[in-house]
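Written out below as structure tokens is the structure these notes cover.
Residue numbers (the numbering used here): 8 to 530.
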């Protein structure tokens with residue numbers, strides 16, 4: 008095989024997967040947008056999402072800044088050198104990372120050091136299978152950490168919050184899958200897709216669940232019971248009212264795919280792989296001798312061009328409707344950083360804010376650092392953005408933001424409240440909300456939590472007008488503290504300084520709705 012041409016093909020696959028959402032996913036998002044009531048938080052989120060998809064198309068830049076852990080599924084004819092394929096894929100990953108199409112995401116689990124090129128022990132994941140066809144089938148999924156952290160595995164029988172006992176039968180499986188959607192809330196960038204694996208051991212179950220994400224989201228399960236269950240799960244999950252980003256709304260789940268395998272008598276696992284709306288998986292058929300791409304996969308059916316005039320007009324109307332009645336309060340607030348406590352205490356859950364001025368990124372490593380060290384900059388009155396951007400340095404040594412959406416905030420719950428009070432931070436931006444410790448600190452200190460739209464990495468990168476500096480680069484690009492000047496950065500107040508939390512409210516209301524599905528449906 009022409010291995011140089013194969014490497015070019017793999018580079019193309021990586022870039023397309025990161026920057027160009029598949030056709031079936033676009034159609035699912037369009038359908039969700041049509042279902043949503045105008046003038047709501049979810050409508051605003053979906054309008055932002057479709058705009059972000061268009062910007063990623065135009066810029067050939069990552070749809071989401073978290074380009075995840077690359078997982079390749081590869082089928083090769085007998086006789087093809089798999090060692091050469093592995094090296095070509097690794098080379099392509101290095102090039103894609105240097106070009107800003109992927110974020111450097113490979114971190115040493117013991118030292119915390121980022122390799123900088125997406126390579127490391129066990130990375131990328133490559134799973135090979137031989138077959139008797141004469142071409143190579145390569146499929147890639149880029150599954151970010153926010154949705155990966157909402158994966159869940161159940162061991163039947165078990166007791167489930169809101170649903171009671173789940174037994175070792177189809178109805179018990181049903182309860183587990185519904186619960187998996189409830190527990191994800193908005194933290195996995197809903198509305199999302201789930202893959203489910205029934206049976207196997209713990210590791211095989213998770214692998215089977217992720218394998219379902221490689222199916223076309225519109226296919227029909229040949230197993231009649233599983234087909235019915237897939238349809239049931241999507242229908243009932245969308246009655247939970249969790250909605251896009253966990254803001255409440257009509258669409259919580261965009262698709263459900265279920266696979267089954269045998270198990271041993273003592274073990275009965277139901278494994279769920281959650282994927283965000285930015286469902287980045289593509290595939291190619293490659294000529295086994297030339298290494299060139301013969302055909303792109305997942306290209307069946309209509310392609311939704313969100314940049315088309317009617318789609319842009321629809322997005323404009325959604326944003327206009329939301330501007331007239333943003334969220335619950337009907338208020339839009341301009342914030343200029345640094346922010347006073349007085350200004351913060353005027354904000355209420357449901358306000359839409361537009362931020363200009365300085366903000367600082369801070370993820371897991373920064374929060375741990377700030378818990379025991381002085382801050383490298385004065386954070387009094389400032390904003391911390393839970394974000395690990397994709398950054399590129401130009402020939403003059405100047406940094407540029409290529410993608411910059413929010414990361415899941417709940418990971419910082421052990422640190423956030425204490426850090427805000429210690430350094431005088433007034434606002435935190437992230438996605439998915441935070442817990443009671445942070446909520447109490449917001450009330451005591453005078454702070455707010457602002458929910459940005461998860462996955463909208465191009466939309467928010469466009470709001471960042473300059474990079475003014477960076478600290479703590481020893482933690483790698485995603486975990487460093489970047490100093491950003493922003494203009495018109497839009498987010499929603501979902502936790503305020505008066506003890507109110509939209510996330511808590513949606514969790515409680517969705518749990519009440521979940522409890523309506525206790526009674527057996529299958530089996």
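Every residue, glycine too, gets a C-beta built ideally from N, C-alpha and C.
The model shown is predicted, which means the values in this text are computed figures rather than measured ones.
A distance below 8 Å between beta-carbons, with the five flanking residues on each side excluded, links residue 310 to the following residues of its chain, in chain order: 30, 33.
Beta-bridge analysis with DSSP links residue 302 to 292. By the Cβ rule, the region 252-259 does not count as touching the region 131-144, because fewer than three pairs are nearer than 8 Å. The DSSP assignment places complete alpha helix (DSSP H) segments of no fewer than 4 residues inside the region 209-274 at 209-219, 231-244, in order along the chain. Note on geometry: alpha-carbon atoms of residue 49 and residue 395 lie some 24 Å from one another. Each residue's CA atom was taken as its position, placing residue 419 and residue 365 some 21 Å apart.
Under the DSSP assignment, residue 59 falls in the alpha helix (DSSP H) whose first and last residues are 48-66. The bridge partners DSSP lists for residue 410 are 397.
For the pair residue 247 and residue 520, the CB atoms are nearer than the 7 Å cut-off. Along the region 61-104, the beta strand (DSSP E) occurs as fully enclosed runs of 3 or more residues at 76-84, listed in sequence order. Excluding its 5 nearest sequence neighbours in each direction, residue 278 has C-beta neighbours in its own chain below 6 Å: 160, 204, 212, 213, 216, listed in chain order. Three or more Cβ pairs closer than 8 Å define a contact, and the region 425-442 meets that threshold against the region 361-380. Inter-residue distance for residue 406 and residue 463 is about 20 Å (C-alpha atoms, whole angstroms). In the same chain as residue 166, and ignoring 5 residues on each side of it, the C-beta atoms closer than 7 Å to its own belong to 172, in chain order. Exclusion of the five residues before and after residue 454 leaves 351, 427, 432, 433, 434, 435, 448, 504 as the residues of its chain whose Cβ lies within less than 8 Å of its Cβ. The C-beta distance from residue 19 to residue 300 rounds to 7 Å, short enough to fall under 8 Å. Going by C-alpha positions, residue 267 is about 24 Å away from residue 35. A direct Cα-to-Cα measurement between residue 414 and residue 393 gives close to 6 Å. Between residue 169 and residue 522, the gap from beta carbon to beta carbon is short of 7 Å. The region 489-508 and the region 233-249 do not touch, with fewer than three beta-carbon pairs separated by less than 8 Å. Comparing C-alpha distances from residue 483 to each of 402, 125, 456 shows the shortest one belongs to 125. With contacts defined as CB atoms closer than 7 Å, residue 199 and residue 252 fail to qualify as a contacting pair. Just so you know, the alpha carbons of residue 361 and residue 154 end up roughly 27 Å apart. Only residues of its own chain outside the window of five on either side were considered, and among them 419, 422 have a CB closer than 6 Å to the CB of residue 374, listed in chain order. Taking a 10 Å sphere around the C-beta of residue 371, we find 16 or more other C-beta atoms and assign the residue as buried. The C-beta separation of residue 70 from residue 145 comes to about 20 Å, leaving the pair out of contact by the 8 Å criterion. The alpha-carbon separation between residue 308 and residue 61 amounts to approximately 19 Å. As computed with DSSP, residue 148 is found in a beta bridge with 78, 288. Under DSSP, residue 361 takes part in a beta bridge, and its partners are 341, 497. Bounds of any alpha helix (DSSP H) do not take in residue 441, whose DSSP letter is neither H nor E.
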